[in-house]
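Enquirer: Sharing a structure, written as structure tokens. Questions coming.
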Amino acid sequence: MIGIFSKVRSQVKIKHGKVHIDNPMFRLHYRFSFLLLCLCCLLSTSRQYFGEHIQCIQDSAGVPPKVLNNYCFIMSTFSVPKSYTGKIGEDIPYMGIGNPGKQQSHGRYGHNVFRASAQNASDEGSDVIYHNYYQWVPFCLFLQAIMFYTPYFIWKRNDNNKVRTVIQGLNIYELEGQKREKQEDVLAMYFLERLHIHVRWALSYFVCELLCLVNVIGQMFFTNYFLGGTFLTYGVQVFEFLDQDAEVRADPMAVVFPRVTKCTFHKFGSSGTIQRHDAMCVLALNVINEKIYVFLWFWFILLGVLTAFHLIYRIATLSSYTVRKNVIKAKTGLGSREYLNMVVPRCDIADWLLLSFLSKNMEVLAFNEFLERLAKKMVYGTKQESFSDESDVKMPLTQ
Numbered sequence: 305m306i307g308i309f310s311k312v313r314s315q316v317k318i319k320h321g322k323v324h325i326d327n328p329m330f331r332l333h334y335r336f337s338f339l340l341l342c343l344c345c346l347l348s349t350s351r352q353y354f355g356e357h358i359q360c361i362q363d364s365a366g367v368p369p370k371v372l373n374n375y376c377f378i379m380s381t382f383s384v385p386k387s388y389t390g391k392i393g394e395d396i397p398y399m400g401i402g403n404p405g406k407q408q409s410h411g412r413y414g415h416n417v418f419r420a421s422a423q424n425a426s427d428e429g430s431d432v433i434y435h436n437y438y439q440w441v442p443f444c445l446f447l448q449a450i451m452f453y454t455p456y457f458i459w460k461r462n463d464n465n466k467v468r469t470v471i472q473g474l475n476i477y478e479l480e481g482q483k484r485e486k487q488e489d490v491l492a493m494y495f496l497e498r499l500h501i502h503v504r505w506a507l508s509y510f511v512c513e514l515l516c517l518v519n520v521i522g523q524m525f526f527t528n529y530f531l532g533g534t535f536l537t538y539g540v541q542v543f544e545f546l547d548q549d550a551e552v553r554a555d556p557m558a559v560v561f562p563r564v565t566k567c568t569f570h571k572f573g574s575s576g577t578i579q580r581h582d583a584m585c586v587l588a589l590n591v592i593n594e595k596i597y598v599f600l601w602f603w604f605i606l607l608g609v610l611t612a613f614h615l616i617y618r619i620a621t622l623s624s625y626t627v628r629k630n631v632i633k634a635k636t637g638l639g640s641r642e643y644l645n646m647v648v649p650r651c652d653i654a655d656w657l658l659l660s661f662l663s664k665n666m667e668v669l670a671f672n673e674f675l676e677r678l679a680k681k682m683v684y685g686t687k688q689e690s691f692s693d694e695s696d697v698k699m700p701l702t703q
């Protein structure tokens, strides 16, 4: 088990001094959700702790075990919906295992679990559910992990190290005297000369935040389609199952992710007639698959709600000057209120966003002093100095 977690350990190391160009909501998507789905992908492919993907048994030895296992894994196994209810050991051997009757029944779970590979149930003479999604679970989980990282990847490409470029070499808190003042002055001049030109950059950030919500909602519907329309109500059904009578309840996890299924193998006999071999197959990995998707159901719901609340907050910052000022004030303290009243009204949304990122990546004292210099330059003006005169200062580069 340690080997599985070590594969993703490197992704969670904290890098000191890293420039932050995101927010906690972004990190829940591109970091936590990405790592969570990668871990689920690794678990769903693990044989060391959960056994082989499939193990099938038959009454006679007419088919070699390895051949039968490979055939049933590739061609898919099936369950009989009418055998979902009944007393195990008396009415049915196991949930979903029974003799397909001639009368079809389209009940609550009467559909193919993986729609993209649906097969004709009439081959068995009744309504059955074919299961071959287990071949695709690791691929789908990995694809979903990539999709959670995509909005941040787009934003990172659009940012193109703008924030890093602005503050590179400006660890003002560690500098002293005249050099510290020069650094603050250079940053203030850079910000002042480039007011109102970051609109496209800021717009890409807000669009990527919206993409996070679109992605998590899309993930829920994609998973619902992948599991044959059972995912959207999966968590609710699990709660209902826990409250039902143990004698009559049908486990929704065992319906969507059956642990025991059936398989039919046909071959020619010695006389040339077609022989039919019925097998019962154990899908050991479904023990972990059912837990994975129960957890993902609750995580997607929680993440969607948190992302929606963050977008409400974002709308408030876009529409209210007071909210924008209070966001910066929370990072600077009461001592900079006078300078905030000078700076924030002169900044558009894009300038405010850049100012917010600067406040995240600079020491509080350094940012307050920078804010003071910027406010004085905005209100009282300043002699335009050439950046080339500051030969001993690292200059921010334009983008």
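All residue numbers for the sequence shown refer to our numbering, where the first residue is 305 and numbers rise by one. The C-beta atom is built at its ideal place from N, Cα and C for all residues, glycine as well.
What is the residue span of the beta strand (DSSP E) that M584 lies within?
Expert: As a working note, residue 584 is residue 280 in the sequence shown. Here the beta strand (DSSP E) through M584 covers I578 to V586.
Enquirer: Considering only C-alpha positions, which residue in the set P369, D326, F446 and Y437 is nearest to F338?
Expert: Taking the first residue of the sequence shown as position 1, residue 338 is located at position 34. Of P369, D326, F446 and Y437, the residue nearest in Cα terms is F446.
Enquirer: Here's a check: name, in chain order, each residue in its chain whose Cβ is nearer than 6 Å to the Cβ of K322, leaving out the five neighbours to either side.
Expert: Translated into the one-based positions of the sequence shown, residue 322 becomes position 18. No residues qualify anywhere along the chain.
Enquirer: Please classify V503: is it buried, with 16 or more other beta-carbons within 10 angstroms of its beta-carbon, or exposed?
Expert: On the sequence shown, position 199 is the one that residue 503 refers to. Exposed.
Enquirer: Using 10 angstroms around the beta-carbon of T256, count the other beta-carbons present and answer buried if the total reaches 16, otherwise exposed.
Expert: Any property of residue 256 remains undetermined from this structure, which presents the chain solely from 305 to 703.
Enquirer: If I measure Cβ to Cβ from R650 and keep anything under 8 Å in the same chain, skipping five residues before and after, which residues do I get?
Expert: One-based indexing of the sequence shown puts residue 650 at position 346. L499 and M682.
Enquirer: When the Cβ atoms of the region 341-352 are set against those of the region 588-602, are three or more pairs found closer than 8 Å?
Expert: The answer is yes - the region 588-602 touches the region 341-352, with three or more Cβ pairs under 8 Å.
Enquirer: How would you call R677, buried or exposed, if buried means at least 16 neighbouring beta carbons within 10 angstroms?
Expert: Residue 677 sits at position 373 when you count from the first residue of the sequence shown. With 16 or more Cβ atoms within 10 Å of its Cβ, R677 is classed as buried.
Enquirer: Specify, as a first and last residue, the run of the beta strand (DSSP E) that C360 falls within.
Expert: Mapped onto the sequence shown, residue 360 falls at position 56. Its beta strand (DSSP E) spans residues Q359 to Q362.
Enquirer: Leaving out five residues on either side along the sequence, give the residues of the same chain with a beta carbon under 8 Å from the beta carbon of A506.
Expert: On the sequence shown, position 202 is the one that residue 506 refers to. Once the five neighbours on either side are set aside, the close Cβ partners of A506 are I653, A654, L657 and L658.
Enquirer: Given A620, which residues of its chain have a CB within under 6 Å of its CB, disregarding the five upstream and five downstream residues?
Expert: Within the sequence shown, residue 620 is the residue found at index 316, counting from 1. Same-chain partners within the cutoff: V627.
Enquirer: Helix, strand or coil for K460? Go by DSSP, reduced to three states.
Expert: Taking the first residue of the sequence shown as 1, we reach residue 460 at position 156. Residue state, collapsed to three classes: helix.
Enquirer: Taking 8 Å as the CB-CB limit, is C342 close to chain D?
Expert: Protein chain content of the structure displayed is limited to a single chain, and chain D is not contained in it.
Enquirer: Based on Cα-Cα distance, which residue from V586, Y617 and Q523 lies nearest to A449?
Expert: For the purposes of this step, residue 449 is taken as the residue at position 145 of the sequence shown. When only C-alpha atoms are compared, the closest one is Q523.
Enquirer: Pop quiz: N665 and T636 are said to be a contact at Cβ under 8 Å. What is the actual Cβ separation, rounded to whole angstroms?
Expert: Position 361 of the sequence shown, counted from the first residue, corresponds to residue 665. Position 332 of the sequence shown, counted from the first residue, corresponds to residue 636. 13 Å between Cβ atoms; not a contact.
Enquirer: Out of Y375, F530, V560 and W440, point me to the one whose CA is closest to Q359's CA.
Expert: Locating residue 359 in the sequence shown gives position 55, counting from the first residue. Comparing Cα-Cα distances from Q359 to each of Y375, F530, V560 and W440, the minimum goes to Y375.
Enquirer: I'd like the list of long-range same chain contacts for S348, defined as Cβ closer than 8 Å, with 5 residues on each side in sequence excluded.
Expert: Counted from its first residue, the sequence shown places residue 348 at position 44. Within the same chain, S348 has close Cβ partners V441, P442, L445, L589, I592, N593 and I596.
Enquirer: Using DSSP bridges, identify the partner residues of H435.
Expert: Position 131 of the sequence shown, counted from the first residue, corresponds to residue 435. Partner(s): T381.
Enquirer: Is the beta carbon of T381 closer than 8 Å to that of C512?
Expert: The residue you call residue 512 lines up with position 208 of the sequence shown. The residue you call residue 381 lines up with position 77 of the sequence shown. Cβ atoms of C512 and T381: not closer than 8 Å.
Enquirer: For L615, which residues of its own chain have a beta-carbon under 8 Å away from its beta-carbon, when the five flanking residues on both sides are left out?
Expert: The count along the sequence shown starts at 1 and reaches residue 615 at position 311. Counting only Cβ-Cβ distances below 8 Å, and skipping sequence neighbours, we find E513, L514 and L517.
Enquirer: What's the gap between the Cα of M399 and the Cα of Q579?
Expert: Looking up residue 399 in the sequence shown gives position 95. Looking up residue 579 in the sequence shown gives position 275. Each residue's Cα considered, the two are about 26 Å apart.
Enquirer: N416 by DSSP, collapsed to three states: which one?
Expert: As a working note, residue 416 is residue 112 in the sequence shown. Any reading at N416 needs caution, since the residue's pLDDT is 40, under 50, leaving its predicted position unreliable; the model's value is listed next. Coil, per DSSP.
Enquirer: Give the single residue among F330, V648, G685 and R618 whose Cα lies nearest to the Cα of I632.
Expert: Along the sequence shown, read from residue 1 onward, the residue named residue 632 stands at position 328. It is V648.
Enquirer: Look at the Cβ atom of Y538, then the Cβ atom of Y456, and state whether they are nearer than 8 Å.
Expert: For the purposes of this step, residue 538 is identified with residue 234 of the sequence shown, where counting begins at 1. For the purposes of this step, residue 456 is identified with residue 152 of the sequence shown, where counting begins at 1. It is not a contact, given that the beta carbons lie outside the stated cut-off.
Enquirer: Exposed or buried, what is I433 when buried is set at 16 or more other beta-carbons lying within 10 Å of its beta-carbon?
Expert: Locating residue 433 in the sequence shown gives position 129, where the first residue counts as 1. The residue is buried, with at least 16 neighbouring Cβ atoms inside 10 Å.
Enquirer: Since H614 is in the alpha helix (DSSP H), which residue starts that stretch and which ends it?
Expert: Along the sequence shown, read from residue 1 onward, the residue named residue 614 stands at position 310. Taken as a continuous stretch (DSSP letters only), the alpha helix (DSSP H) holding H614 covers N590 to S623.
Enquirer: Residues bridged to K466 by DSSP?
Expert: As a working note, residue 466 is residue 162 in the sequence shown. Partner(s): none; K466 has no beta bridge.
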